[in-house]
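Every number in my numbering is 311 more than the matching position in the sequence shown, counting from 1. Ideal Cβ placement from N, Cα and C applies to all residues, glycine included. Reading through the structure tokens given below for one structure.
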Amino acid sequence: MAIKSKDLISLQDLSLDEINQILTNAKSMKEIIQRDIKKVPTLRGKAIVNLFYENSTRTRSSFELAGKYMGADVINITASASSVVKGESLWDTGKTINSMGVDVVVIRHPSSGAPYILGQAVEARVINAGDGTHEHPTQGLLDIFTVLDYKGALQGKKVAIIGDILHSRVARSDIIGFNALGADCWVCGPPTLLPAKVNELGVKVTWNIEEALTDADVVIMLRIQLERQKKGAFPSIREYAKLYGLNSKNLSLAKKDALVMHPGPINRGVEISADVADSLQSVINEQVQNGVAIRMALLYLMMGGGNVNVIA
Ligand code: CP
Numbered sequence: 312m313a314i315k316s317k318d319l320i321s322l323q324d325l326s327l328d329e330i331n332q333i334l335t336n337a338k339s340m341k342e343i344i345q346r347d348i349k350k351v352p353t354l355r356g357k358a359i360v361n362l363f364y365e366n367s368t369r370t371r372s373s374f375e376l377a378g379k380y381m382g383a384d385v386i387n388i389t390a391s392a393s394s395v396v397k398g399e400s401l402w403d404t405g406k407t408i409n410s411m412g413v414d415v416v417v418i419r420h421p422s423s424g425a426p427y428i429l430g431q432a433v434e435a436r437v438i439n440a441g442d443g444t445h446e447h448p449t450q451g452l453l454d455i456f457t458v459l460d461y462k463g464a465l466q467g468k469k470v471a472i473i474g475d476i477l478h479s480r481v482a483r484s485d486i487i488g489f490n491a492l493g494a495d496c497w498v499c500g501p502p503t504l505l506p507a508k509v510n511e512l513g514v515k516v517t518w519n520i521e522e523a524l525t526d527a528d529v530v531i532m533l534r535i536q537l538e539r540q541k542k543g544a545f546p547s548i549r550e551y552a553k554l555y556g557l558n559s560k561n562l563s564l565a566k567k568d569a570l571v572m573h574p575g576p577i578n579r580g581v582e583i584s585a586d587v588a589d590s591l592q593s594v595i596n597e598q599v600q601n602g603v604a605i606r607m608a609l610l611y612l613m614m615g616g617g618n619v620n621v622i623a
């Protein structure tokens, strides 16, 4: 089996070799999605369920396209339109899906740990597509892939992750992934939006955006998650934007060729100004395309595939 762990709940479930194998395969997958006809039979006969208890544009559609480009059957279950609203538990929903002969279940859930519970309930392999404030491992992989595409290597590169670190599952997966590949990881945000013992995550910590941006090779801005904020984390959106928003002036502190990234969806004018989001340094749209390639590679490897150079 190409990936040993049955389920991908955290980036910590993958060895460095497995991460590198996914990244290598994603290069071939990216070549496929840039073709006129984006269809290969690699996963013909396999079945994937996208089980989403929370809204998503990028992750859900990219998993769906990833499966379909490789010939798998993919169905989407949205909790609000399923028997979940009649009171069915996650455990029973999992057992029900499993009975249909599914190979992989991709789950997004507002509660941290839900994908782990699902993994205990089903024989199918489970991929965490974002659970509460815990992790979003495929976002971490696609962020790494995007940086490697531009920079070639991560060793010693300053990666500044800025914003609401406390509620960010992306930050947690990015930190694990970028650290594993030798980057110099920084986190920056108001103290009320940094987790307790954040320095134990193996990152440098600052409350000052200028310090985080100075000489950065990569700037990852995080969305202010209004839906997860408790009252009082910061006085106002306006003040947050002034103190922690990325704009062309403070971006000039970073290296000239610094990449600007954001997992999306972005709040224009809050954590990132519109001109920076649309600038030549911004690789936000490339992140989305790379998300399909990474998810193709992961699905392929989780369903038993080995290394590919080119898939016919
Ligand atoms: N980056 C990300 O998870 O986006 P979606 O919420 O649109 O899937």
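- Contact between the stretch 337-347 and the stretch 569-579 is absent: fewer than 3 CB-CB pairs across the two stretches fall below 8 Å.
- Under the DSSP definition of a beta bridge, T517 partners with C499.
- With the rule of 3 Cβ pairs closer than 8 Å, the stretch 318-330 counts as touching the stretch 434-453.
- When the Cα atoms are used, V603 and P421 turn out to be separated by approximately 23 Å.
- Cβ-Cβ separation between E446 and R419: approximately 11 Å, too far for a contact (criterion under 8 Å).
- Residue range I595 to M613 is occupied by the alpha helix (DSSP H) that includes V599.
- In this chain, D485 is not harboured by any beta strand (DSSP E); it is covered by the alpha helix (DSSP H) spanning R480 to A491.
- Runs of the beta strand (DSSP E) lying entirely within the stretch 318-358 and spanning at least 3 residues: none are present.
- Between D495 and K406, the alpha-carbon positions lie close to 42 Å from each other.
- With 7 Å as the limit, the residues whose C-beta approaches any heavy atom of the ligand CP more closely are N366, S367, T368, R369, T370, R371, G441, H447, Q450, V481, P574, G575 and P576, in sequence along the chain.
- Taking all protein chains shown into account, L429 has 16 or more neighbouring C-beta atoms within 10 Å of its C-beta and is therefore buried.
- By the neighbour-count criterion, in which a residue is buried when 16 or more other Cβ atoms sit within 10 angstroms of its Cβ, R480 is buried.
- By the neighbour-count definition (other C-beta atoms within 10 Å, threshold 16), N578 is a buried residue.
- Inclusion of I595 and I520 in the CB contact set at 9 Å is not warranted, their separation being larger than that value.
- According to the DSSP assignment, D442 belongs to the beta strand (DSSP E) that extends over R436 to D442.
- From the listed residues V385, Q466 and G424, the smallest Cα separation to I408 is found for V385.
- Listed in chain order, the alpha helix (DSSP H) elements of length 4 or more contained wholly in the stretch 359-392 are 369-380.
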